[in-house]
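Participant: Counted the way the UniProt record's numbering counts, the sequence shown spans residues 1 to 487.
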Amino acid sequence: MGKITGFMEFQRQEESYLPPATRLKNYAEFVIPLTNEQAKVQGARCMDCGIPFCNNGCPVNNIIPDWNDLVYRGNYREALDTLHSTNNFPEFTGRICPAPCEAACTLGISEDPVGIKSIEHKIIDEGWEHGWVIPQPAAKQTGKKVAVVGSGPAGLAAAQQLARAGHAVTVFEKSDRIGGLLRYGIPDFKMEKSHIDRRVQQMEAEGVVFRTSVLIGKDFPANVNNMAKETIFPEDLQKDFDAVVLAGGSESPRDLPVPGRELKGVHFAMDFLPQQNRVNAGDKLKDQIKATGKHVVVIGGGDTGSDCVGTSNRHGAASVTQFELMPMPPEQENKPLVWPYWPTKLRTSSSHEEGCERDWAVATKRLEGKGGKVEKLIACRVEWKDGKMAEVPNSEFEMKADLVFLAMGFVSPVATILDAFAVDKDARGNAKASTDGEGCYKTSAAKVFAAGDMRRGQSLVVWAIREGRQCARAVDEFLMGSSELPR
Ligand SMILES: Cc1cc2nc3c(=O)[nH]c(=O)nc-3n(C[C@H](O)[C@H](O)[C@H](O)COP(=O)(O)OP(=O)(O)OC[C@H]3O[C@@H](n4cnc5c(N)ncnc54)[C@H](O)[C@@H]3O)c2cc1C
Ligand code: SF4
Numbered sequence: 001m002g003k004i005t006g007f008m009e010f011q012r013q014e015e016s017y018l019p020p021a022t023r024l025k026n027y028a029e030f031v032i033p034l035t036n037e038q039a040k041v042q043g044a045r046c047m048d049c050g051i052p053f054c055n056n057g058c059p060v061n062n063i064i065p066d067w068n069d070l071v072y073r074g075n076y077r078e079a080l081d082t083l084h085s086t087n088n089f090p091e092f093t094g095r096i097c098p099a100p101c102e103a104a105c106t107l108g109i110s111e112d113p114v115g116i117k118s119i120e121h122k123i124i125d126e127g128w129e130h131g132w133v134i135p136q137p138a139a140k141q142t143g144k145k146v147a148v149v150g151s152g153p154a155g156l157a158a159a160q161q162l163a164r165a166g167h168a169v170t171v172f173e174k175s176d177r178i179g180g181l182l183r184y185g186i187p188d189f190k191m192e193k194s195h196i197d198r199r200v201q202q203m204e205a206e207g208v209v210f211r212t213s214v215l216i217g218k219d220f221p222a223n224v225n226n227m228a229k230e231t232i233f234p235e236d237l238q239k240d241f242d243a244v245v246l247a248g249g250s251e252s253p254r255d256l257p258v259p260g261r262e263l264k265g266v267h268f269a270m271d272f273l274p275q276q277n278r279v280n281a282g283d284k285l286k287d288q289i290k291a292t293g294k295h296v297v298v299i300g301g302g303d304t305g306s307d308c309v310g311t312s313n314r315h316g317a318a319s320v321t322q323f324e325l326m327p328m329p330p331e332q333e334n335k336p337l338v339w340p341y342w343p344t345k346l347r348t349s350s351s352h353e354e355g356c357e358r359d360w361a362v363a364t365k366r367l368e369g370k371g372g373k374v375e376k377l378i379a380c381r382v383e384w385k386d387g388k389m390a391e392v393p394n395s396e397f398e399m400k401a402d403l404v405f406l407a408m409g410f411v412s413p414v415a416t417i418l419d420a421f422a423v424d425k426d427a428r429g430n431a432k433a434s435t436d437g438e439g440c441y442k443t444s445a446a447k448v449f450a451a452g453d454m455r456r457g458q459s460l461v462v463w464a465i466r467e468g469r470q471c472a473r474a475v476d477e478f479l480m481g482s483s484e485l486p487r
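Given below as structure tokens:
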């Protein structure tokens with residue numbers, strides 16, 4: 001423990017942001033990381049709890065008290081090794097994780113929690129800056145071949161772990177670039193894509209082969225992005241590889257079955273967001289959905305919706321409104337009741353701060369327009385009783401809408417992909433595989449494993465990394481009889 005009285009002496013210090021007027025001018029990251037002195041003070045706030053709830057609250061079980069102490073002492077090199085021992089990609093989580101560790105921090109019961117995420121961000125930035133993040137190729141090869149389907153955080157974590165265990169890993173990705181939702185979902189202003197490119201280079205040097213624009217499967221639905229130029233059938237993959245990891249995400253979007261859904265100007269969020277990522281990467285698009293000068297309504301109050309808000313504001317939308325079906329949560333959680341779990345409370349993202357009207361307990365009844373183009377949204381207020389929703393009488397209202405983004409989450413992975421592999425599904429349509437005990441992460445299909453959103457349903461980057469790592473160990477055990485990869 002760094003400074004025994006640190007938690008009594010020092011206040012939490014947040015990472016600061018560039019002002020909205022500056023950051024709205026472009027798509028660059030705008031978070032200003034802690035200085036070394038600030039990080040030292042933040043590390044000193046950690047109480048090095050006998051039972052560190054932060055460690056349990058973190059899905060990858062980051063060894064947080066240890067690196068807090070190391071940062072306090074200025075030993076970034078060792079802090080980086082400790083961080084990497086549980087997390088392949090801390091530069092992703094240090095930027096975009098909602099930080100369940102901080103919700104679990106013991107100091108948070110009575111004070112502001114330790115700024116764990118900002119310290120993680122600082123450690124990995126130092127690591128890259130000093131050239132400490134280098135390829136770690138396996139000392140010897142096993143001669144086994146593993147195919148990873150999908151290059152999101154789950155697929156990347158699985159691939160890196162398996163390559164480091166000496167297996168010959170090929171990652172297949174139907175998009176033209178690697179990264180999954182990190183690349184083509186999460187906007188650049190939350191995480192610039194150079195962070196993915198650096199990791200891809202590191203993994204290539206460790207022996208991972210990346211094949212983009214390749215779809216593994218047979219049929220694919222039209223409402224999910226697919227840039228593939230080549231298709232490989234599952235049976236061919238199973239023939240050519242000793243094991244297959246399905247890490248294809250949860251890509252089937254939840255639709256809004258109301259009259260007017262078919263009008264022009266009504267889009268899934270994932271039609272809109274990837275386009276801007278592609279334009280930022282230098283692609284020339286013929287028909288980009290542009291919010292410039294338009295009245296935008298975003299339906300869905302989560303992360304995806306918030307990313308539509310931030311992107312619309314950067315386009316220069318005339319107005320941005322976000323509706324959520326659920327009631328407005330309390331501004332502060334009841335800490336003694338919910339700690340150390342993730343609390344339901346009002347969350348205001350940096351995108352909301354940039355300009356957005358938000359409204360809760362609102363249901364869309366229909367969309368109306370002229371000449372086949374959406375012009376307004378008709379909604380009503382709803383109330384929730386005993387988990388059931390009811391329309392508030394006479395509460396109907398209308399809202400001008402030139403663009404409507406549907407950001408109501410994802411129902412499940414693409415069923416045709418799981419069906420093509422003859423993988424059993426759970427009740428929610430995810431690939432069925434347990435996470436504990438013998439045969440964990442293994443699906444019902446021979447030598448086929450599943451991890452990330454494809455197995456657990458739509459979730460978080462940090463959970464995808466955890467599953468990718470754990471799945472890699474399961475695959476290694478399956479191929480070799482035992483594994484030294486961490487659990
Ligand atoms: C807009 C948006 C914003 C988000 N923001 C955050 C955030 O701020 N913080 C956070 O923690 N989480 C966030 N999430 C959630 C997070 O991105 C996901 O939980 C995470 O990326 C899941 O990782 P994954 O590897 O399981 O799948 P994905 O990232 O979805 O990657 C799956 C990849 O598999 C590919 N694929 C699928 N099927 C095939 C096939 N048959 N053949 C070849 N390739 C295939 C897909 O093209 C995709 O690239 C966000 C999600 C969205 C949609
Ligand atoms: S719970 Fe908070 S105070 Fe305790 S060890 Fe973890 S970060 Fe430090």
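For every residue, glycine included, the Cβ atom is placed at its ideal position computed from N, Cα and C. Just so you know, these numbers come straight off a predicted model, no measurement behind them.
Once DSSP output is grouped into helix, strand and coil, what is the label at residue 480?
Facilitator: For this step, residue 480 is matched to residue 480 along the sequence shown. If DSSP states are grouped into helix, strand and coil, residue 480 belongs with the helices.
Participant: Does the beta-carbon of residue 277 have 16 or more other beta-carbons within 10 angstroms, so that it is buried, or is it exposed?
Facilitator: Taking the first residue of the sequence shown as 1, we reach residue 277 at position 277. With 16 or more Cβ atoms within 10 Å of its Cβ, residue 277 is classed as buried.
Participant: Considering only residues of the same chain and omitting the five flanking positions on each side of residue 360, which have a CB-CB separation below 6 Å?
Facilitator: Looking up residue 360 in the sequence shown gives position 360. Once the five neighbours on either side are set aside, the close Cβ partners of residue 360 are 324, 327, 328.
Participant: State the beta-bridge partners of residue 81 as determined by DSSP.
Facilitator: In the sequence shown, counting from the first residue as 1, residue 81 sits at position 81. DSSP output for residue 81 lists no bridge partner at all.
Participant: Say the cut is 6 Å; is the CB of residue 118 nearer than that to a heavy atom of ligand 1?
Facilitator: On the sequence shown, residue 118 is found 118 positions in, with the first residue counted as 1. No, Cβ of residue 118 sits at least 6 Å from all heavy atoms of ligand 1.
Participant: Would you mind working out which of 210, 65, 84 sits nearest residue 134, comparing C-alpha positions?
Facilitator: Residue numbering aside, residue 134 sits at position 134 when the sequence shown is read from its first letter. Ranking the options by Cα distance to residue 134, first place goes to 84.
Participant: Figure out for me which residue from 82, 42, 69 has the closest Cα to the Cα of residue 61.
Facilitator: Walking along the sequence shown from the start, residue 61 turns up at place 61. Of the candidates 82, 42, 69, the one whose C-alpha sits nearest the C-alpha of residue 61 is 82.
Participant: Would you mind sorting residue 479 into buried or exposed? The rule is 16 or more other CB atoms within 10 Å of its CB.
Facilitator: As a first step, residue 479 must be located in the sequence shown, where it is residue number 479. Residue 479 is buried by the Cβ-count criterion.
Participant: Return yes when the Cβ of residue 97 is within less than 7 Å of the Cβ of residue 116, no when it is not.
Facilitator: Residue 116 sits at position 116 when you count from the first residue of the sequence shown. Residue 97 sits at position 97 when you count from the first residue of the sequence shown. No, these two residues do not count as a Cβ contact at 7 Å.
Participant: Considering only DSSP beta bridges, list what residue 370 is partnered with.
Facilitator: Numbered from 1 along the sequence shown, position 370 holds the residue referred to as residue 370. 373.
Participant: Find the nearest neighbour of residue 476 within the set 332, 19, 434, 160, judged by alpha-carbon distance.
Facilitator: Sequence index remark: in the sequence shown, residue 476 carries index 476 (1-based). It is 160.
Participant: Look at the alpha carbon of residue 118 and the alpha carbon of residue 125, and state the distance between them as a whole number of angstroms.
Facilitator: As a position in the sequence shown, residue 118 is number 118, starting the count at 1. As a position in the sequence shown, residue 125 is number 125, starting the count at 1. Approximately 11 Å between the Cα atoms of the pair.
Participant: Suppose contacts are defined by Cβ-Cβ distances below 7 Å. Is residue 242 in contact with residue 145 by that definition?
Facilitator: Taking the sequence shown and counting its residues from 1, one reaches residue 242 at position 242. Taking the sequence shown and counting its residues from 1, one reaches residue 145 at position 145. Result yes, Cβ atoms of residue 242 and residue 145 sit closer than 7 Å.
Participant: Go to residue 450, then tell me how far its beta strand (DSSP E) extends in each direction, as first and last residue.
Facilitator: The residue labelled residue 450 in the question sits at position 450 within the sequence shown. Its beta strand (DSSP E) spans residues 448 to 450.
Participant: Does the beta-carbon distance from residue 493 to residue 43 come in below 7 Å?
Facilitator: Given a span of 1 to 487 for the chain in the structure shown, any question on residue 493 remains unanswerable.
Participant: Does ligand 2 have even one heavy atom less than 6 Å from the beta-carbon of residue 53?
Facilitator: Counting from one through the sequence shown, the residue named residue 53 turns up at place 53. Checking the Cβ of residue 53 against ligand 2 gives yes.
Participant: To the nearest angstrom, how far is the alpha carbon of residue 309 from that of residue 193?
Facilitator: Numbered from its first residue, the sequence shown carries residue 309 at position 309. Numbered from its first residue, the sequence shown carries residue 193 at position 193. If I take the Cα positions, the gap works out to 20 Å.
Participant: Report the rounded CA-to-CA distance for residue 485 versus residue 7, giving the unit in angstroms.
Facilitator: Along the sequence shown, read from residue 1 onward, the residue named residue 485 stands at position 485. Along the sequence shown, read from residue 1 onward, the residue named residue 7 stands at position 7. Distance between the alpha carbons of residue 485 and residue 7: 35 Å.
Participant: Would you please state the rounded distance, in angstroms, between the beta carbons of residue 445 and residue 422? I believe it to be under 8 Å.
Facilitator: Within the sequence shown, the letter at position 445 stands for residue 445. Within the sequence shown, the letter at position 422 stands for residue 422. About 5 Å; that satisfies the 8 Å criterion.
Participant: Can you have a look at residue 389 and say buried or exposed, based on whether 16 or more other CB atoms are within 10 angstroms of its CB?
Facilitator: Start at 1 with the first residue of the sequence shown, and residue 389 comes out as number 389. With fewer than 16 Cβ atoms within 10 Å of its Cβ, residue 389 is classed as exposed.
Participant: Just the Cα atoms here: how many angstroms apart are residue 303 and residue 250?
Facilitator: If you number the sequence shown from 1, residue 303 lands on position 303. If you number the sequence shown from 1, residue 250 lands on position 250. Distance between the alpha carbons of residue 303 and residue 250: 15 Å.
Participant: Could you spell out the range, first to last residue, of the beta strand (DSSP E) harbouring residue 110?
Facilitator: By 1-based counting over the sequence shown, the position of residue 110 is 110. First-last for residue 110: undefined, no H or E at that position.
Participant: What is the DSSP secondary structure of residue 349, reduced to helix, strand or coil?
Facilitator: Within the sequence shown, numbered from 1, the residue matching residue 349 stands at position 349. Reduced to three states, the DSSP call for residue 349 is coil.
Participant: What is the rounded straight-line gap between the Cα of residue 189 and the Cα of residue 404?
Facilitator: In the sequence shown, counting from the first residue as 1, residue 189 sits at position 189. In the sequence shown, counting from the first residue as 1, residue 404 sits at position 404. So the two alpha carbons sit approximately 22 Å from each other.
Participant: Rounded to whole angstroms, how far is the Cβ of residue 412 from the Cβ of residue 387, which I believe are closer than 8 Å?
Facilitator: Locating residue 412 in the sequence shown gives position 412, where the first residue counts as 1. Locating residue 387 in the sequence shown gives position 387, where the first residue counts as 1. Actually they do not touch by this definition, with Cβ atoms about 22 Å apart.
Participant: I'd like to know if the stretch 224 to 232 and the stretch 168 to 187 are in contact, where contact means that at least 3 CB-CB pairs between them fall below 8 Å.
Facilitator: Enough Cβ pairs lie closer than 8 Å, so yes.
Participant: Report back the beta-carbon spacing between residue 155 and residue 452 to the nearest angstrom; my notes put them in contact at under 8 Å.
Facilitator: Residue 155 sits at position 155 when you count from the first residue of the sequence shown. Residue 452 sits at position 452 when you count from the first residue of the sequence shown. Their Cβ separation, rounded to whole angstroms, is 7 Å, which keeps residue 155 and residue 452 in contact under 8 Å.
Participant: If you check the beta carbons only, do residue 57 and residue 340 fall under 7 Å apart?
Facilitator: For this step, residue 57 is matched to residue 57 along the sequence shown. For this step, residue 340 is matched to residue 340 along the sequence shown. Taking 7 Å as the Cβ cut-off, residue 57 and residue 340 qualify as a contacting pair.
Participant: Is residue 105 near ligand 2, in the sense that its beta carbon is under 6 Å from a heavy atom of that ligand?
Facilitator: In the sequence shown, the residue the question calls residue 105 occupies position 105. Because some heavy atom of ligand 2 lies under 6 Å away, the Cβ of residue 105 counts as near it: yes.
Participant: Measure from the alpha carbon of residue 292 to the alpha carbon of each residue in 5, 24, 18, then state which is nearest.
Facilitator: Within the sequence shown, numbered from 1, the residue matching residue 292 stands at position 292. When each option's Cα is compared against that of residue 292, the closest is 24.
Participant: Look up residue 385 in the DSSP assignment and say whether it is helix, strand or coil.
Facilitator: Taking the sequence shown and counting its residues from 1, the one referred to as residue 385 is at position 385. Strand, per DSSP.
Participant: Report the option in 466, 35, 232 whose CA atom is closest to the CA atom of residue 74.
Facilitator: Start at 1 with the first residue of the sequence shown, and residue 74 comes out as number 74. Considering only alpha carbons, the answer is 35.
Participant: Specify whether the stretch 310 to 323 and the stretch 345 to 364 touch according to this definition: at least 3 beta carbon pairs, one from each stretch, less than 8 Å apart.
Facilitator: Verdict: yes, contact present.
Participant: Comparing alpha-carbon positions, which option in 27, 12, 343 lies nearest residue 331?
Facilitator: Within the sequence shown, numbered from 1, the residue matching residue 331 stands at position 331. Of the candidates 27, 12, 343, the one whose C-alpha sits nearest the C-alpha of residue 331 is 343.
Participant: Pull up the CB-CB distance for residue 279 and residue 296, whole angstroms please, since I reckon it's below 8 Å.
Facilitator: Within the sequence shown, numbered from 1, the residue matching residue 279 stands at position 279. Within the sequence shown, numbered from 1, the residue matching residue 296 stands at position 296. Their Cβ separation, rounded to whole angstroms, is 17 Å, which puts residue 279 and residue 296 out of contact at 8 Å.
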